[in-house]
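So the structure is just underneath, and the comments pick up after that.
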Amino acid sequence: MEEAGHIAAQALTGNHTEEDSYHPRDAVGSTIKATLTTGTGGAFVSAIQNTLTKQNVGAWGVFTRTGGTVATFAAMGGAYEFFKSASANLRQKEDTYNYAIGGAFAGAMLGLRFRSAPAVLGYGTATAVIIAAFQYTGGHMLGAALDPDVDEVARKEYMRKNRRRDIGEIVNELGEGRGIVAPGYAERRAARLKEAYGIDVVHSPTVPGQSQ
1 MEEAGHIAAQ ALTGNHTEED SYHPRDAVGS TIKATLTTGT GGAFVSAIQN
51 TLTKQNVGAW GVFTRTGGTV ATFAAMGGAY EFFKSASANL RQKEDTYNYA
101 IGGAFAGAML GLRFRSAPAV LGYGTATAVI IAAFQYTGGH MLGAALDPDV
151 DEVARKEYMR KNRRRDIGEI VNELGEGRGI VAPGYAERRA ARLKEAYGID
201 VVHSPTVPGQ SQ
């Protein structure tokens with residue numbers, strides 16, 4: 001019983017030993033914030049639904065007529081954040097599985113509106129897969145986020161230098177010509193022309209790769 005109580009305390013507060021590299025989360029605090037945020041969004045959607053109804057139900061219809069939308073949004077946000085944080089605290093890992101677990105419970109909250117087990121399982125599974133896939137691929141709609149602590153100009157310069165290849169390696173793979181020349185190209189070209197046609201080529205400083 002004591003061990004079970006300790007595990008429950010870890011899930012809620014994220015208290016671990018100082019040797020852990022994982023940074024624990026406050027599951028309760030983050031759940032309250034998520035519930036308020038998604039509940040506010042649900043109230044906004046409920047207000048739109050209430051406005052579009054044909055009957056004149058008044059302003060309180062946001063809670064009396066379409067209040068289920070507010071409750072569903074709040075439950076989904078709270079369940080997602082709580083189970084995601086609790087899973088991370090219990091497993092002491094920050095990975096995609098935490099988001100999948102949170103998404104499964106959030107989808108289950110949505111499925112409860114239909115009052116059927118297949119809907120709960122279906123919405124839970126679908127939400128878990130979508131959120132896990134989104135997080136696994138970077139978690140950003142516009143690509144990976146840039147590190148604000150890294151200077152972008154310095155990063156691009158590093159990438160340019162890191163990918164720059166030696167001229168000798170390029171010449172060996174592609175051969176000389178077409179604007180790709182290595183030092184001493186003019187002398188080698190003159191020697192080939194003289195050997196093939198017996199023509200002496202006068203060196204010009206305007207020819208690339210020609211020594212002066």
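Each residue of the sequence shown is one higher than the one before, counting from 1 in full-length UniProt numbering. Even glycine gets a Cβ: it sits at the ideal position worked out from N, Cα and C.
In three-state terms, what does DSSP make of residue i?
i, result
"T17", "With a pLDDT of 48 at T17, under the threshold of 50, the modelled position of that residue is not reliable, and no figure is offered here."
"Q212", "Confidence in Q212 is poor, its pLDDT being 47 and thus under 50, which makes the residue's placement unreliable; the coordinate value appears in the next sentence. Three-state DSSP puts Q212 in coil, outside helix and strand."
"N56", "coil"
"M109", "helix"
"Y103", "Inspection of the sequence shows that residue 103 is occupied by Gly rather than by Tyr. Helix at G103."
"V153", "helix"
"V129", "helix"
"M141", "coil"
"R115", "coil"
"V181", "coil"
"G122", "helix"
"V202", "coil"
Among residues of its own chain, excluding the 5 on either side of residue i, which ones have a beta-carbon nearer than 6 Å to its beta-carbon?
i, result
"S85", "R25, A27 and S30"
"I131", "Y99 and G103"
"H16", "Note that H16 scores a pLDDT of 49, beneath 50, so its modelled location is shaky and nothing firm can be said."
Quick check on this structure: which residue in the options has the alpha carbon closest to the alpha carbon of residue i?
i, options, result
"G124", "F44, Q49, F73 and G103", "G103"
"G61", "M76, A75 and V45", "V45"
"E94", "Y136, L36 and R188", "Y136"
For residue i, I'd like the list of residues in its chain whose CB is within less than 7 Å of its CB, leaving aside the five on either flank, ordered along the chain.
i, result
"E19", "With a pLDDT of only 44 at E19, under 50, the local geometry of the prediction cannot be trusted, and no value is derived from it."
"G209", "Low per-residue confidence applies at G209: pLDDT is 49, beneath 50, and the placement is therefore not dependable, though the value from the model is reported in the following sentence. For G209, where only same-chain residues beyond five positions count, the Cβ hits under 7 Å are V181, A182, P183, G184, Y185 and A186."
"Q49", "T66 and T69"
"D200", "K194"
"K156", "none"
Could you tell me whether the Cβ atoms of residue i and residue j are closer together than 8 Å?
i, j, result
"F82", "G41", "no"
"Y80", "A128", "no"
"A106", "V120", "no"
"Q92", "Y158", "no"
Item to check | Uninterrupted alpha helix (DSSP H) stretches inside the stretch 20 to 94 (no shorter than 4 residues) | outcome: 27 to 52, 61 to 64 and 67 to 91
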